[in-house]
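What follows is a short report on a single structure.
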Amino acid sequence: MWGCCFSSWLISFLGNSTVRRRRYARFSAAAADCQNENWISGNSLYKRHPHLQRLEACDNSPWQLFPVLTYIIVSGLFQNPFVASRVLHICCNGDPPDLNFATVVFRQIRRPNLFSWNTIIKGFAESEDRRSIAFSFYRQMLDRGILPDKHTFPFLLTGCRPPSTAKSGKFLHAHCVVLGFSMDTFVQTALVNMYLGCGHKTDARHLFDKMTSRDIVSWTCLISGLIAGGHHEEALEVFKALRSDEGQSAVKATVATMVSAMAASAFLGALDHTRALHGNLEKTGYMADTFIGNSLINGYAKCGSIGSSSKIFQQMKDRDLLSWTAIISGFAANGMAQEALGAFAGMRAAGIVPDPVAFLAVLSACSHAGLVDEGVENFELMQRSYKLSPGLKHYGCMVDLFARAGLLRRACEFISAMPLRPSMAALGALLSACRAKGELELAEAVAGVIVSSGESASGAGVLLSNMYADESRWQEASLVRKKVTGGGLRKPPGHSWIEVEGVVYRFMVENGSDPHLKEIISALDAFAKDGRS
DNA sequence: ATAGGGTTAG
């Protein structure tokens with residue numbers, strides 16, 4: 001983008017002949033240096049060419065780069081590998097990075113050095129949609145006889161994230177071993193991260209366990225990677241192992257570590273863990289951190305301790321978008337819709353611009369409390385005042401809002417007016433509302449839509465079958481049920497977990513393997529008896 | 001004589 005701007009700037013710059021003559025003296029000094037094959041670099045370079053120091057001050061603002069870039073190109077200093085690498089680095093690390101211009105710059109470097117290769121590889125590996133280009137640069141680099149160093153691999157490995165498989169990652173792992181970089185902590189951590197990202201948990205654990213010098217980033221990578229893969233209990237176990245390791249080695253949990261541990265604890269709803277983490281944090285200097293505050297708000301809210309959430313929220317010095325969203329969705333999840341709406345008003349009054357996630361929290365508060373008018377109002381506000389187009393989740397939430405309120409007609413109308421294909425969740429919400437209202441005909445129609453969507457319809461099938469059973473239409477009930485189970489479809493068994501004295505126990509329906517299942521059932525029976533009396 | 005792996009809300 002700014003490559004184009006630069007061309008026009010260059011033309012206007014060079015077009016003025018008086019200016020050009022005045023600058024000639026400076027250029028000719030640089031030109032003299034370009035004759036010299038022994039390139040100077042670093043401090044001595046900047047001392048000889050003070051103009052180049054502007055390179056250091058314009059990382060995020062390409063506009064400031066233009067004058068010095070002109071100087072660099074016209075003088076020929078661009079062929080100094082150090083200077084070329086600096087320019088390339090600026091193109092790749094701008095905000096946003098301009099990879100097209102970086103490629104143009106890279107192609108102009110006659111003999112790219114390892115630093116230039118690493119820089120362009122990093123630029124593409126960190127991009128969203130052009131990660132594969134990083135690999136083709138790696139390939140070209142090897143073809144030109146340049147060997148990678150220990151910096152190259154972490155760059156390349158960050159590009160091995162889903163949807164790409166572990167295939168290229170394993171390839172790189174082999175290169176690391178052969179070239180002797182497999183003992184480097186950074187490379188090893190990047191490998192662990194890559195395996196976790198590609199879903200190869202066992203390989204990642206194996207690698208991590210064999211690491212000779214784990215530092216805190218390695219630990220944090222493992223914990224956050226396990227969470228991303230849905231292994232929250234294992235993440236907490238690793239965190240405990242880290243805690244016992246902290247006594248013997250120099251590793252010490254950082255903000256990133258604590259935030260990840262908190263996320264696992266929040267997901268599991270483990271109140272004791274959350275409290276323990278909070279207690280730890282009070283002893284460190286981390287409480288002032290916004291990330292930490294946000295994760296505590298979320299953690300306490302997920303554990304049902306919304307009072308603690310709002311206390312943390314009030315004590316926070318700097319509240320950002322996420323702090324407000326966390327407290328709104330916390331209130332929403334704990335059935336406090338009025339407080340959620342109040343917090344939303346507070347957020348707007350504080351000058352924080354809500355984003356789609358914030359609106360989702362508001363809408364879910366309305367839907368849980370049956371506040372139809374407020375829901376519709378905010379759904380419109382989001383589009384009208386904030387120019388945000390609702391996503392599938394927002395539409396799903398609105399369907400849920402109407403369906404829970406028993407407004408089946410309105411829910412149907414809303415679905416047919418949707419510009420997006422309704423999600424399974426939206427149709428499912430409508431279907432359960434049909435059961436609650438005993439609207440069998442509508443339920444059949446909705447179930448038909450779900451089946452024709454081609455996705456797994458086991459939940460819908462079970463629900464419809466139950467509806468037939470409600471009406472004592474046993475034949476149809478068993479027919480639907482057979483279709484669900486006979487077609488290879490199986491409803492995944494529901495599972496839950498409970499934290500008792502700091503230990504998380506997971507249990508499943510249909511699975512007698514848990515040694516505590518009997519205890520759990522008898523405890524539930526006791527609760528049920530209490531409830532009746 | 002420039003660079004590297006990790007962070008929260010749905």
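In terms of UniProt numbering, the first sequence has 71 at position 71, counting the first letter as 1, and numbering is strictly consecutive.
Note that CB positions come from ideal geometry on N, CA and C, so glycine has one too.
Computed from a prediction, not measured in an experiment: that's the story for all the values here.
Could you check the C-alpha separation between residue i and residue j for me, to the nearest Å?
i	j	result
K122	L388	33 angstroms
R144	W117	11 angstroms
D318	E444	51 angstroms
V362	F155	39 angstroms
M336	C366	10 angstroms
W63	D98	13 angstroms
Y395	R348	23 angstroms
S452	F379	29 angstroms
Y46	I40	9 angstroms
R243	S85	42 angstroms
I227	A235	6 angstroms
R107	N80	14 angstroms
T290	A256	12 angstroms
residue 549	A469	In this structure the chain extends from 1 to 533, so residue 549 is not present and cannot be described.
R435	S423	19 angstroms
V484	S478	10 angstroms
S127	V74	31 angstroms
F208	K167	19 angstroms
V504	H273	10 angstroms
F115	D215	26 angstroms
I312	R275	12 angstroms
H173	S136	17 angstroms
G269	H495	14 angstroms
P67	H51	9 angstroms
S416	R410	10 angstroms
G159	P356	28 angstroms
Using the beta-carbon count (16 or more within 10 Å), is residue i buried or exposed?
i	result
K437	exposed
G375	buried
V178	exposed
G454	exposed
M398	buried
A345	exposed
W324	buried
S310	buried
V104	exposed
residue 576	It is not possible to answer for residue 576, since the shown part of the chain is limited to 1 through 533.
S364	buried
P96	exposed
L371	buried
L420	exposed
M382	buried
H232	buried
Quickly, what does DSSP pair residue i with across the bridge? List them, please.
i	result
W497	R506
Check the C-beta distance from residue i over to residue j and give it rounded, since I have them as a contact under 8 angstroms.
i	j	result
S308	M262	That pair is no contact at about 13 angstroms.
L440	A403	In fact, because the Cβ distance is near 16 angstroms, the residues do not count as touching under 8 angstroms.
S224	S260	4 angstroms
Y300	I292	That belief does not hold up - the Cβ atoms of Y300 and I292 are roughly 13 angstroms apart, past 8 angstroms.
N298	A266	5 angstroms
Here's a check: name, in chain order, each residue in its chain whose Cβ is nearer than 7 angstroms to the Cβ of residue i, leaving out the five neighbours to either side.
i	result
V217	T189
V187	K150, F153, P154, C176, F181
G229	L196, G199, K201
N334	A301, G304, I306
M258	L277, L281, Y286, I292
I133	F124
G391	P356
Going along the chain, which residues of its own chain have a beta-carbon closer than 8 angstroms to the beta-carbon of residue i, five neighbours each way excluded?
i	result
A447	L431, A457, A460, G461, L463, L464
R532	Because the pLDDT of R532 is 44, which lies under 50, any placement of that residue in the model is unreliable, and the question is left without a value.
V238	W219, L222, I223, L226
To which residues of the same chain is residue i closer than 6 angstroms at the C-beta, ignoring the five residues directly before and after it?
i	result
S329	A361
A425	G396
L142	none
W219	L242
M211	Q188
E476	Y468
K393	L360
N113	P81
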